[in-house]
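K.L.:
According to UniProt numbering, the residues represented by the sequence shown are 1 to 85, in order.
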Amino acid sequence: MKVKVKGWHGVAVWRWDVPNEEVCGICRVPFDGCCPTCKTPGDDCSLIWGECTHVFHMHCLLRWLQTEGSRGQCPMDRRKWVTAK
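Here it is in structure tokens:
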């Protein structure tokens, strides 16, 4: 018995490599989705890690840091926000 493949459609799934956290601590939207201001997830709505190991949507964190109440601190542990390298 011979089988001839007439067509093939590949499908892929991607996920951010974020251990132990599934949602943004600011907007509470899963990292596999995008922040409330973006329309599609991916490189345009990337994640940002802090030296404190907390992870957020980049746009959520930038908006948070612009508020007066943030005082340049991580919204989860209130340490000074320093972006991880």
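For every residue, glycine included, the Cβ atom is placed at its ideal position computed from N, Cα and C. As the structure is a computational prediction, the values presented were derived from the model and not from experiment.
Are the beta-carbon atoms belonging to GLY50 and ALA84 less than 9 Å from one another?
P.N.:
yes
K.L.:
Out of curiosity, what's the CA-to-CA distance linking GLU68 and CYS24?
P.N.:
Rounded to whole angstroms, the gap between the alpha carbons of GLU68 and CYS24 is 20 Å.
K.L.:
From the DSSP secondary-structure annotation, give me the bridge partner or partners of PHE56.
P.N.:
DSSP, once it has assigned bridges, lists ILE48 as partnering PHE56.
K.L.:
Below 8 Å on the Cβ atoms is my guess for TRP81 versus LEU62; work out the distance and round it to an integer in Å.
P.N.:
Incorrect: roughly 11 Å between the Cβ atoms, too far for contact.
K.L.:
From ASP17, LYS6, HIS9, pick the residue whose C-alpha is nearest to that of VAL55; which is it?
P.N.:
ASP17
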